[in-house]
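**Student:**
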Amino acid sequence: MTSAAVPDPADHERLLIIDFGSQVTQLIARRLRELNVYCEIHPYQNVDDAFIAKFAPKAIIFSGGPDSVLRDGSPRPPHAAYEAGVPILGICYGQQVMMQDLGGLVEGGKISGGGGTAEFGRAFVARAGALPLIDGWEDREQVWMSHGDHVSRLAPGFEVYGTSPNAPFAITADLDRQFYAVQFHPEVHHTPKGAKLYENFVRQAGFSGDWTMEAYREQAITAIRDQVGDAKVICALSGGVDSSVAAALIHEAIGDQLTCVFVDHGLLRLNEAHEVVEMFRDHMNLQVIHAQEQDLFLGELDGVSDPETKRKIIGRLFIDVFQKYADQIEGAAYLAQGTLYPDVIESVSFSGGPSVTIKSHHNVGGLPEKMGLKLVEPLRELFKDEVRALGRELGLPDHFIGRHPFPGPGLAIRCPGEITRDKLDTLRLADAVYIDQIRKHGLYDEIWQAFVAILPVRTVGVMGDGRTYDYACALRAVTSVDGMTADYYAFGHEFLGETATRIINEVPGINRVTYDITSKPPGTIEWE
Ligand code: XMP
């Protein structure tokens with residue numbers, strides 16, 4: 107299985123991040139991408155002298171990491187990094203490793219058993235001299251520290267430009283060589299001027315900021331054409347942002363050599379299938395097969411109430427259905443996937459090697475091998491916000507690009523207990539009213555995900571002069587950065603009251619509305 111049609115990064119000014127295992131290394135890449143700088147993260151084990159020569163970075167960053175430079179065999183950058191003649195920024199562990207490699211001294215803190223002071227959390231750095239790296243910083247700035255060991259003597263050539271109470275060498279630099287080393291983490295949110303520091307660093311290193319979506323689009327198109335030639339490509343279009351942007355990009359590259367399969371399992375939201383198919387087929391002229399398989403899915407789900415069983419049935423049928431339609435496309439040699447950069451980094455783990463398999467897409471996992479397909483993954487270099495920017499660049503409408511995530515198993519996991527067509531219809535209507543309310547109140551973009559779950563319980567109510575005995579539903583809305591953890595969204599009572607009234611008035615079959623105030627953990631975002 108070959109991979110990836112991606113633009114050749116050799117066409118860009120490139121920054122190399124050598125990863126020593128910090129939890130927040132990805133954030134460094136994000137900060138740099140925001141500055142239109144192309145960068146790649148590579149685990150230190152994979153970076154040797156030859157790698158540096160081939161990569162030809164315009165600057166290098168050493169990330170933080172959990173180890174202690176005082177331990178024998180602790181992670182090191184290759185010697186060539188220091189001799190590449192390019193600026194280097196060392197962060198936390200990266201600072202310590204740089205100091206030790208270049209002739210300074212590092213002493214142990216509590217973690218490595220030394221007597222020094224460890225420092226975790228918020229600290230304040232006082233400026234101790236003028237340095238371009240911290241242009242725009244006040245004399246005293248908040249930073250985020252997270253270190254056990256600390257530098258106790260600078261390497262020759264370095265001077266101090268910032269100190270904190272527990273880190274006398276918080277900001278240091280060797281201006282001749284353009285080596286910078288900081289004890290704190292400028293990439294995290296808790297270092298408010300950290301983004302400015304990165305901006306200064308890349309400006310000092312001479313980056314012109316050539317990593318734009320417009321440039322990416324052009325190069326990605328060329329790369330897809332080179333990879334695919336005149337072969338045919340199939341794509342499972344879900345209507346989600348990633349598969350939509352991948353499909354739009356590939357279509358722009360190879361036109362009708364691409365066929366999308368949109369599997370309608372009967373568990374989609376109100377008008378969703380229609381909107382997706384209409385947009386891609388009628389407005390964007392993609393070849394889209396609308397696989398109408400509602401009866402198949404709902405039939406097999408009939409009477410099933412166990413959440414895992416539901417998921418397994420849907421996953422299995424999805425693959426069967428996709429394969430059935432794909433088999434009809436003669437000569438299909440490639441499968442397009444909307445794999446993003448975080449998926450790639452996650453699977454090229456710190457302790458793993460470069461050859462660790464890339465995470466399979468949840469919906470079509472295993473398919474490429476089974477069907478003998480090669481992969482086209484034109485978004486492998488991008489973060490989610492860049493995918494959105496690319497989508498805009500490709501002309502996808504804003505309301506589409508900014509849509510909340512929607513799970514592959516769809517409404518099945520928002521309908522605890524047995525799924526019936528009636529319940530799904532009720533749920534679709536309630537969800538549409540809820541989302542309409544959220545949009546009307548201008549809250550949609552503040553919320554990571556919002557939806558209604560229809561509960562497997564009927565309750566007594568009174569409407570007009572009559573008694574009702576209808577379903578209860580739960581509204582869910584959460585904020586999150588990645589879906590891994592989440593907080594419930596704190597709507598005002600007025601919003602909740604108004605929404606409950608609208609749902610009960612406009613949705614037959616529901617007579618009680620509740621609001622789910624569980625965060626994740628301990629809850630999950632979906633109900634099943
Ligand atoms: P949970 O419920 O695990 O969800 O907190 C976290 C995020 O993942 C989405 N989700 C899924 N997405 N297939 C998907 O494509 C799935 O099977 C699936 N299950 C959960 C969920 O909507 C939320 O954004």
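According to this note's numbering, the sequence shown is numbered sequentially starting from 107.
Ideal placement from N, C-alpha and C gives every residue a C-beta, glycine not left out.
(1) Tell me the rounded alpha-carbon separation between K342 and A352.
(2) By Cβ distance below 6 Å, which residues in the same chain neighbour G235 in space, the five residues on each side in sequence not counted?
(3) Which first and last residues belong to the beta strand (DSSP E) in which D576 is found?
(4) Do L441 and I340 count as a contact pair if the criterion is CB distance below 8 Å?
(5) At a cut-off of 7 Å, is I631 close to the ligand XMP when judged by its beta-carbon and the heavy atoms of the ligand?
(6) Which same chain residues end up closer than 7 Å to P562 when comparing Cβ atoms and leaving out the 5 residues on each side of it in sequence?
(7) What are the boundary residues of the beta strand (DSSP E) that includes I340?
(8) If I'm right that A359 touches I330 with Cβ under 8 Å, what's the distance once you round it to whole angstroms?
(9) Between which two residues does the alpha helix (DSSP H) containing H380 stretch?
(10) What residue ranges within the stretch 382-446 form continuous beta strand (DSSP E) runs of no fewer than 3 residues, ordered along the chain?
(11) For the alpha helix (DSSP H) containing Q248, name the first residue and the last one.
(12) With DSSP as the reference, identify every bridge partner of C145, one or two as the case may be.
(13) At a cut-off of 7 Å, is E511 close to the ligand XMP when judged by its beta-carbon and the heavy atoms of the ligand?
(14) Specify the secondary structure class of N272 as computed by DSSP and reduced to three states.
(15) Tell me the residue span of the alpha helix (DSSP H) that contains F601.
(16) For a test of your reading of the model: does the CB of G514 fall under 7 Å from any non-hydrogen atom of the ligand XMP? Yes or no.
(17) Please report the Cβ distance between G444 and D348, rounded to the nearest whole angstrom; I am assuming they are in contact, meaning their Cβ atoms lie under 8 Å.
(18) Can the beta-carbon of I544 be found closer than 8 Å to that of K416?
(19) Applying the 10 Å Cβ sphere with the 16-neighbour rule, what's the burial state of S314?
(20) Which ranges does the alpha helix (DSSP H) cover as unbroken runs of at least 4 residues, wholly within the stretch 174-201, from first to last along the chain?
(21) Once you ignore the five residues that flank A159 on each side, which residues in its own chain have a CB closer than 7 Å to its CB?
(22) Could you pull the DSSP bridge partners for K626 from this structure?
(23) Relative to the alpha-carbon of V558, which residue among E384, R233, W633 and D362 has its alpha-carbon at the smallest distance?
(24) Cβ atoms of A287 and N297: under 8 Å apart, would you say?
(25) Under 8 Å between the Cβ atoms of Q333 and L364?
(26) Could you compute how far the alpha carbon of N469 sits from the alpha carbon of H256?
(27) What residue range does the alpha helix (DSSP H) around D348 cover?
(28) Pick helix, strand or coil for E475, following the three-state DSSP scheme.
(29) By alpha-carbon positions, which one of R375, V369, M390 and I420 ends up nearest to I356?
(30) Whole angstroms is fine: what's the gap from S174's alpha carbon to L496's?
(31) Under a Cβ-count criterion, where at least 16 other Cβ atoms within 10 Å of its own Cβ denotes burial, should P149 be classed as buried or exposed?
(32) When you measure from the CB of K626 to every non-hydrogen atom of the ligand XMP, does any distance come out below 7 Å?
(33) So what does H256 bridge to, in DSSP terms?
(34) Over what stretch of residues does the beta strand (DSSP E) that includes Y621 continue unbroken?
(35) Taking 7 Å as the cut-off, is the CB of R417 close to at least one heavy atom of the ligand XMP?
(36) Using 10 angstroms around the beta-carbon of G458, count the other beta-carbons present and answer buried if the total reaches 16, otherwise exposed.
**Tutor:** Taking the geometry as given:
(1) The residue you asked about is not Lys; residue 342 is Ala in the sequence shown. Each residue's alpha carbon lies about 10 Å from the other.
(2) Y267
(3) G572 to T585
(4) yes
(5) yes
(6) P522 and G523
(7) K338 to A342
(8) 4 Å
(9) E378 to V383
(10) 393-398 and 438-442
(11) Taken as a continuous stretch (DSSP letters only), Q248 belongs to no alpha helix (DSSP H), being part of the beta strand (DSSP E) at R246 to H253.
(12) L121
(13) For the record, residue 511 in the displayed sequence is Pro; it is not Glu. Yes.
(14) coil
(15) H599 to E612
(16) yes
(17) 3 Å
(18) no
(19) exposed
(20) 185-189
(21) A186
(22) A592
(23) W633
(24) A small correction: the amino acid at residue 297 is Thr; Asn does not occupy that position in the sequence shown. Contact: no.
(25) no
(26) The predicted position of N469 is uncertain, since its pLDDT is 46 and thus under 50; a value taken from the coordinates is nonetheless stated next. Approximately 47 Å between the Cα atoms of the pair.
(27) V347 to I360
(28) helix
(29) M390
(30) 40 Å
(31) buried
(32) yes
(33) E213
(34) I616 to Y621
(35) yes
(36) The predicted position of G458 is uncertain, since its pLDDT is 38 and thus under 50; no value can be drawn from it.
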